[in-house]
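Counting with my numbering, you get residues 16 to 254 for the letters of the sequence shown.
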Amino acid sequence: MDAPPRIPLVVALDGPGSSGKSSVGAAAALEVGYRFCDTGLLYRAVTWLALARQVNASYPHAMRGLVDEVELAPDDRGRLARVVVDGVDHTADVRGPTVDAAVSEISAIPELRSALLLRQRELAEAGRIIMAGRDIGTVVLPDADLKIFLDASVEERSRRRAEERDLDPAGPEAAAILEALRRRDELDSTRAVAPLRAADDARIISTDGNRFEDSVDAVVGAIRDVEARSADERGSGSR
């Protein structure tokens, strides 16, 4: 007997900075044939644009006005991974240390989060998507079909980021990354608006000590499990 067709899902993938959400989520999306959106890229893009335009964070309505100027465009694999402003690709610009230092403070602005909330929900409406961030399962998509919280120790996350940037793991730049991640964890988990936390019904996947492929397999496995369960429930309901 043929297996029932898979039911495409909306997947919320949360976790702290450098826990692997972007890389693992993108690889998992490619394997299961879903779209992928790293919502942190939206916050980084608005942060970069605010810094470039010298928009003061104490003027929240001006910050909110920047949202409509930012476009997330697909890359060569269909991931929404490119930042375009005024027709120019600024993806590389939003990844720098200046944005690293400012993004938590700017991300906490309620008016900005409200504007970006609508943008994120619009992106998810069509389904068949993995949406990664820090409050996707708790705030942005509380009714997501599957919620995953990808976790890792701050030391492991610092090591990965230093490795990505080809830095000496014992050097001052790597130490600065560790301190910045600790500071961001504190800011993200204690902010009044949408603090970082795992949704009550999220699947917790710890990636400490994992090979990259192990983490991808864990996310893909969770998606396939829920797809199969949803298909079975739909089949049972139609009988």
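By construction, the Cβ of each residue, glycine as well, lies at the ideal position given by its N, Cα and C atoms.
None of these values were measured; they are calculated from a predicted model.
Residue of the options minimising C-alpha distance to residue i
i	options	result
I238	E178, N225 and A217	A217
L161	I145, R175, V154 and Q135	I145
R110	R244, L81, T62 and G148	T62
H105	L56, A43 and D229	L56
A214	P157, D181, S129 and P187	P157
T54	A72, A43 and L133	L133
V39	S204, A185, A72 and R94	R94
A117	R212, A243, D247 and R199	R199
H76	R92, L202, L131 and A107	L131
G142	E242, D247, L202 and V82	E242
V82	E228, A107 and V98	V98
D115	V103, L202 and L165	L202
V103	V85, D240 and T113	V85
Local conformation of residue i per DSSP, three classes
i	result
D166	strand
R218	strand
A147	strand
D29	strand
L182	coil
L161	strand
V208	coil
S124	Rather than Ser, the amino acid found at residue 124 in this sequence is Ile. Looking at I124 - three-state DSSP - the assignment turns out to be coil, as it is neither helix nor strand.
A213	coil
7 Å Cβ cutoff met for residue i and residue j
i	j	result
Y58	S119	no
S221	L211	no
A177	P184	yes
A159	S34	no
key: the segment 47 to 65 / the segment 170 to 181 touching (three or more Cβ pairs under 8 Å)   = Per the Cβ contact rule, the segment 47 to 65 is not in contact with the segment 170 to 181 (fewer than 3 Cβ pairs under 8 Å).
task = Tell me, please, whether the segment 19 to 35 touches the segment 59 to 73 by the rule of three or more beta-carbon pairs shorter than 8 Å.
result = no
query = Taking only runs of the alpha helix (DSSP H) that begin and end inside the segment 35 to 108, which ones reach a length of at least 4 residues, in chain order?
reply = 36 to 47, 55 to 68 and 75 to 80
message = Closer than 8 Å is the cut-off here; do at least three beta carbon pairs connect the segment 186 to 193 with the segment 131 to 138?
response = no
ask   = Is the segment 27 to 34 touching the segment 124 to 136, taking contact as three or more C-beta pairs under 8 Å?
value = no
request  = Evaluate the contact criterion for the segment 148 to 159 versus the segment 229 to 243: three or more CB pairs, one atom per stretch, below 8 Å.
outcome  = no
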